[in-house]
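Note that the sequence shown covers residues 3 to 914 in this note's numbering.
Don't be surprised by glycine CBs; every beta carbon is placed ideally from N, CA and C.
Input: a single structure, listed below in structure tokens.
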Amino acid sequence: MSMPTGDDPDRTELLATRGPAAGDAGGEALAPGARLGRYRIEALLGRGGMGDVYRAEQLEPVRRTVALKLLRRRRLDARHLAYFEVERQLLAQMRHPAIAQVFDADTTADGHPFFAMEFIAGSPLTQFCEEHGLSLRQRIELMIRVCEGVQHAHQKGVVHRDLKPGNLLVDEVDGRALPKIIDFGIATASSMAEGREVAGTPDYMSPEQAGGDQSLVDTRSDVYSLGVVLYEMLTGQRPEAAGETRVASTQTLRLPSEKLATLPPGDAGRIAHRQGLRLADMRRTLRNELDWVVARAMRHDRGERYASAGALADDLQRYLDGRPLAAVPASRRYVWGKFMRRHRVGLAAASVALVALLGGLAMSLYGLQQARAQRMIAEQRSAELEKVAAFQQSMLEGIDIEAMGIGMADGLRGQAAKATPEARDAVEEALAHASTADIARDLIDHNILAGAETAIASDFAAEPGLAADLRESVAKVREALGLPEAAATGYRQVADYRERALGASAVPTLRARAEQASAMLAAAQPKPAHALLEQTLSDASALPPDDPLRIRLEMDQASATSALGDRKTARKALESLYDRSRKARGERDPTTMDVENTLAILLGRMGEAELGREHMEKLVPMRREVLGPDHEDTLSALHNLAVMRIMTGDSEGALSLQRELVATQTRRLGAEHPQTLSERGNLASMLIDSGKPEQALPVALSVVEATTRVLGADAPQTLRAKLNLSSLYARLGRFDDTLAMQLEVIEARTRLLGPRHPDTIYILVNRIATLSQAERPKEALAMLETVLPMAREVLGDRHPQTQAAMQFLAEDSDAVGDTPRAIAAYRELLAAREASLGADDERTVDTAWQLEGLLLATGEREEAASVRARYVTPLLETPDARLDEDQRKFVANVRETEAAEALQARQAGSGH
């Protein structure tokens, strides 16, 4: 981002329209050398109504020049900090060649938000066009790329609100003009204004944006601004007054061709010449087509504009390709003229032979075209509505709940920092017992989704079919946000309506029942899900056995059976279903491949990783060929196969696949996309599991560095990467490095989540494990004094982390010679594991075996015998064929250890 030093002549304004005053727009600019977080100010680039833009140097974790925009007009309270955090996540997700990347977004100590962006050494769009003498075609090509960038931002849920030439910078790279959209900070400031303020540049504002009701501002408001920019690119002039537009009955906008006609002939001729046209041709081009494009983009009624920036780009591309434009009213003469110009040579050669035929055919084509035009209008309208619904749905589905929760906690702490110490302590105490992510999830559910359902019930009562479709969309959002129970309720309402309207056996009803059952399984409700699937399959009896929907229902029924504990029956059902689908649909059919994938995963969970791997080895190449190497199902299967290769001891094969997965995601998304970084982290973990910690170290270090730089030091993914690196250090015996890295994560999680948050407790228990591993039992016991009671209170005795802490208490007490305390700890752990895992689980039996050994050492033989008879002996006497892999390993270890102890005892007794 770059701009001339000084005030922006077309500067953004933030004007209060109702409510309290927006605050003073003044304020001293930051002096060169001033620090703002990890940025050092170098120079003021410009000042606008919303804030100041500086050239700054980022000092860490990398050094680079950035454009830093400080929004001076507003400080954020706790609620706005949460909104700001959501907007920050949306901005960070944007990756498009036509968008200047937003590197960072934060707030100053006194609550003013700022953005650090890519520094662009370019010129404003219109200035670039004039300085380089771009032809009309080149200008439109440039505008298409700008529209594509705006469309990308809209798909990420961001409305720019301040599109103007000064925010559309163009630079030349290898002789090619590349536009960059800058300054998305207005989107955040406007979202925080809650309808009280108008943000933007008046000359480029849509009527609804200038009108003050910011709830009316949406993606079509940006389309209006793009129309104004296009007007200026074509004529070298802006519309006469802000808010000019074109309505159905009256024209308040002087169209580009009319604007050109008002200019002195010499000026108009120079404008046409710079664009590579004669003045007459320029006027004709504008009047016949491009006038219509500008008029449609700048319609007063949002509903009459282009539905999206992508639709505007498509119409401009149609102009370049010589195809009919959607903005121009369909007529036989217009469409036929465009066709003739595209196919001039072929038509000239055929005209003599076809002249008689075309006379009669033209009338038929005209009638057919009129019918098609009406149908296309209806289809386009339906498609537009679907796109709007899908856009709104994807916006909500993409919200990072964890990040939003952290933002809320930070906001509350920021507010408490200004209060008394008692108030700060009270906030910390409250946060320690709260899950801010759950609060954020509930807020979205209650304030947005519940409100949407209320609106659906009232506004679409007369259209129950449409209401059901909208409820289905809300249910999908809830499912994506991790609210499967609420999603299942929504799907049930949809299915109940469709059953009343269409019948229980209708395909739309069955599909809704399938979604309902899937959500119930995700909500850990296998028993009611199984009952629902049984009834739904009865209703679906008329479907052919090879119908994909019926196969899906049976596959989910098998999954429910497995979740209820009957994995053998589930396996039999899946094997039968796979054979049936393969014979009827073929093994390369996507539905058949879904069944095989589910079967392979179940086999892996049943301890038959070799058989599960056989299926996956066959499935991966098929999905590559049928779905493509980059399809999400292909990539998921690739990951599953890598895991199964690790499980079956083929570490080299697993690493080969994981490296391929990293390469694919790097090519698709870039080396530093969060998904790519996650796969790189998985590669490091696999290298560790493969006994190659030295090879894993540079990978893990690079992931920590990249996530810190790209996502921020406190991002959840960054903290997970640091945890993985700390585990690697421990594997290498570098315990000091492990403890130092764990301390960083503990500090961050305590600050962000609170000391009693489950994730904070998790890393505290990990640190205790490291101290034990490093043979520092006294320090581990000192930590356990506070961590174990907290874990028992917050997580409960059934939680694995609590039980791990209990085990460390027993082991470290034994290590320092405090046998009574060790025995007491093992007794508590045995009771907890039996309650949560069952008496025959190898972890329960291992605890009993350890307790037995200590009891024997202290002479408590009666209790030792009782413990062995109840827990250890039954597992030792179970035939190997009935044991799973973990149980077999444990039994072998017990027998080997006890045989060695017996031999040692005999040798001691015989004097050897």
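(1) Would you call Leu663 buried or exposed, if buried means 16 or more other Cβ atoms sit within 10 Å of its Cβ?
(2) Give the straight-line distance between the Cα atoms of Leu679 and Glu654, rounded to the nearest whole angstrom.
(3) State yes or no: is the C-beta of Val231 within less than 8 Å of the C-beta of Met300?
(4) Within 10 Å of its beta-carbon, does Gln537 have 16 or more other beta-carbons around it, so buried, or fewer, so exposed?
(5) Starting from Glu260 and walking both ways along the alpha helix (DSSP H), at which residues does that stretch end?
(6) Could you tell me whether any non-hydrogen atom of the ligand ATP is closer than 7 Å to the CB of Gln909?
(7) Can you tell me whether DSSP reads Ala824 as helix, strand or coil?
(8) Is it true that the stretch 825-836 meets the stretch 848-864, where meeting means three or more beta-carbon pairs spaced less than 8 Å apart?
(9) Just the Cα atoms here: how many angstroms apart are Asp269 and Gly135?
(10) If you draw a straight line from the alpha carbon of Glu898 to that of Leu877, how long is it in whole angstroms?
(11) Could you name the residues that DSSP lists as bridge partners for Arg178?
(12) So what does Val55 bridge to, in DSSP terms?
(13) Closest by CA to Ala315, which one among Leu534, Ala656 and Arg141?
(14) Please tell me whether Leu451 and Arg513 are closer than 8 Å, where the distance is taken between their beta carbons.
(15) What's the C-alpha gap between Leu236 and Glu132?
(16) Output needed for Val847: all residues of its chain with C-beta closer than 7 Å, excluding positions within five of it in sequence on either side, in chain order.
(17) Classify Gln376 as buried or exposed, calling it buried when 16 or more other Cβ atoms lie within 10 Å of its own Cβ.
(18) Looking at Asp215: is its Cβ nearer than 8 Å to the Cβ of Asp185?
(19) State the DSSP-derived secondary structure class of Arg736, mapped to helix, strand or coil.
(20) On the CB-based measure, 16 or more other CB atoms within 10 Å of its CB, does Gly672 come out buried or exposed?
(21) Just confirm the distance between the C-beta atoms of Leu741 and Thr772, as a whole number of angstroms; I'd bet it's less than 8 Å.
(22) Whose C-beta lies closer than 7 Å to the C-beta of Met646 among residues of the same chain, with five residues either side of it excluded?
(23) How is the alpha helix (DSSP H) around Phe130 delimited, first residue to last?
(24) Do Leu713 and Val701 have their CB atoms nearer than 8 Å?
(25) Classify Gly202 as helix, strand or coil using the three-state DSSP reduction.
(26) According to DSSP, which residues form a beta bridge with Leu38?
(27) Could you tell me the alpha carbon to alpha carbon distance between Val295 and Arg289, rounded to whole angstroms?
(28) Given a threshold of 16 other Cβ atoms within 10 Å of its Cβ, counted over all protein chains shown, does Gly312 qualify as buried or as exposed?
(29) From Thr919 to Ala812, what distance separates their C-alpha atoms?
(30) Have a look at Arg240 and Ala31 and give me their C-alpha separation to the nearest angstrom.
(31) Excluding the five sequence neighbours on either side, which residues of its own chain have a C-beta within less than 8 Å of the C-beta of Arg800, listed in chain order?
(32) Of the residues Gly416, Ala469, Asp549 and Met96, which one's Cα is nearest the Cα of Gly113?
(33) What are the boundary residues of the alpha helix (DSSP H) that Met557 is part of?
(34) In terms of residues, what are the limits of the beta strand (DSSP E) holding Ala118?
(35) In the DSSP assignment, find the alpha helix (DSSP H) that holds Ala533 and state where it starts and stops.
(36) Per DSSP, Ala572 forms a beta bridge with which residues?
On the basis of the supplied data:
(1) buried
(2) 21 Å
(3) no
(4) exposed
(5) Pro258 to Thr264
(6) For the structure depicted, the ligand ATP is absent and the ligand set is empty, with no information on it obtainable.
(7) helix
(8) yes
(9) 15 Å
(10) 15 Å
(11) Val175
(12) Gly48 and Lys71
(13) Arg141
(14) no
(15) 11 Å
(16) Tyr873, Val874, Leu877 and Phe892
(17) Bear in mind that the predicted position of Gln376 carries a pLDDT of just 47, short of 50, making it too unreliable to give a figure here.
(18) no
(19) coil
(20) exposed
(21) 6 Å
(22) Gly606, Ala611, Gly614, Arg615 and Met618
(23) Leu127 to Glu133
(24) no
(25) strand
(26) Tyr41
(27) 10 Å
(28) buried
(29) Examination of residue 919 is not possible in this model, given that the chain is present from 3 through 914 alone.
(30) 31 Å
(31) Ala834, Ala837 and Ser838
(32) Gly416
(33) Pro550 to Ala565
(34) Pro115 to Glu120
(35) Pro528 to Asp541
(36) Ala572 is not bridged to any residue.
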